[in-house]
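Visitor: Shown below is the structure under consideration.
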Amino acid sequence: MQSSYLSILAIFRYLVLACLYITPVVYAKHSVTIYTEQFPPYNFSNKGYLEGINLRFVRAMCVDADIECKFILLPWSRAYHLAQEEPMAGLVSTARIPDREPLFNWVGPMASSSNYFYRLKSNPQVNPRDLSEVKDYTLGVVRDSIYEQFVENIGFENEQNLLKFSHYYECINLFFKGKLDLIIGSELSFHYQLMQYGYAGQEVVKLIELPLNDTTGNFLALNKNMPKEIVEQFQTSYQKLMKQGKLDKLINEYLVSQH
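Start counting the sequence shown at 0; every next residue gets the next number (numbering that gives the first Met the number 0).
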């Protein structure tokens with residue numbers, strides 16, 4: 000009898016100890032790094048806080064999908080390469096073009112606008128009449144941007160009539176110093192970018208539109224090796240927020256603040 004009692008007691012103690020070592024199952028949030036660049040009003044730093052139409056829309060997607068997102072602002076070329084190297088990384092705002100199609104998983108489109116060549120109002124001798132004449136002038140672009148490939152395809156040559164930079168503000172500064180004849184800007188964002196560096200839209204003249212026919216807009220580009228279920232979470236949240244009118248509300252908010 001005593002032996003049976005001791006056996007039962009031993010089993011009870013074993014079960015108690017086993018329970019103490021059972022760890023509750025905790026489902027951690029997925030963590031994704033979203034790289035971005037200074038490209039107002041789509042994504043930019045405002046007194047150290049990252050905001051913008053597309054960045055805030057992606058942030059809303061992260062919240063809706065219950066994904067922990069960390070946003071990091073970097074020069075475009077650096078952000079573009081890191082988003083391809085890190086499996087749990089993404090990039091906003093990214094123009095979706097055929098050459099980039101196999102490099103990422105795509106969520107979008109989000110806010111975008113037409114792109115134009117601009118000249119200084121004080122520089123009327125720079126006056127290309129059509130796309131075939133723009134290569135007769137000097138131009139600056141950001142490395143690895145959609146503009147870089149386009150202008151090279153129409154005749155611009157690196158270090159001759161084309162200068163490449165890591166930051167867009169380098170293009171703007173040389174342009175306003177008269178060192179570059181032309182600059183390219185997105186119709187919606189160019190105004191913000193000029194204001195950011197102390198210039199005004201009245202100082203420039205819009206010339207010729209870039210026929211970026213293969214571009215389908217700005218997207219959230221997710222690393223090709225990101226788990227499928229996370230990509231699908233982003234896509235589901237995108238569709239949900241679009242139906243709720245979230246993107247339109249953000250666009251209207253920034254357009255109102257522009258005027």
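Positions of the beta carbon are idealized from the N, C-alpha and C atoms, including for glycine. As the structure is a prediction and not an experimental result, all values here were calculated from the model.
Between the C-alpha atoms of L209 and S185, what's the straight-line distance to the nearest angstrom?
Guide: In a straight line, the C-alpha of L209 is about 10 Å away from that of S185.
Visitor: Which runs of the beta strand (DSSP E) spanning at least 3 residues fall entirely within the region 174-199, listed in chain order?
Guide: Entirely contained in the region 174-199, the beta strand (DSSP E) runs reaching 3 residues are, in chain order, 181-185.
Visitor: So, under 8 Å CB-CB, V141 and L181 are touching, yes? Tell me the CB distance rounded to an integer number of Å.
Guide: Not really, about 14 Å apart at Cβ, beyond 8 Å.
Visitor: What do you reckon, are the CB atoms on N53 and A110 nearer than 7 Å?
Guide: For N53 and A110, yes; Cβs fall inside 7 Å.
Visitor: Kindly identify the DSSP beta-bridge partner or partners of S44.
Guide: Looking at the DSSP assignment, S44 forms a beta bridge with L49.
Visitor: State the DSSP-derived secondary structure class of N212, mapped to helix, strand or coil.
Guide: Three-state DSSP puts N212 in coil, outside helix and strand.
Visitor: Here's the rule I'm using: 16 or more other beta-carbon atoms within 10 Å means buried, otherwise exposed. How should A199 be labelled?
Guide: Exposed.
Visitor: Where do the ends of the alpha helix (DSSP H) carrying V230 lie?
Guide: Start and end: 227-242.
Visitor: Would you list the residues sitting across from F149 in a DSSP beta bridge?
Guide: In the DSSP output, where bridge partners are listed per residue, F149 has none listed.
Visitor: Please tell me whether T35 and L81 are closer than 7 Å, where the distance is taken between their beta carbons.
Guide: Result no, Cβ atoms of T35 and L81 do not sit closer than 7 Å.
Visitor: Quick check: what's the CA-CA separation for G51 versus L219?
Guide: Near 14 Å, if we compare the C-alpha coordinates of L219 and G51.
Visitor: By Cβ distance below 6 Å, which residues in the same chain neighbour G154 in space, the five residues on each side in sequence not counted?
Guide: Within the same chain, G154 has close Cβ partners K134.
Visitor: Give me, in chain order, the residues of the same chain whose beta-carbon lies closer than 6 Å to that of Y26; leave out the 5 immediate sequence neighbours on both sides.
Guide: Per-residue confidence for Y26 stands at a pLDDT of 46, beneath the threshold of 50, marking its modelled position as unreliable; the derived number appears in the next sentence. No residues qualify anywhere along the chain.
Visitor: Please classify Y253: does DSSP put it in a helix, a strand, or coil?
Guide: The answer is helix: DSSP assigns Y253 an H, G or I state.
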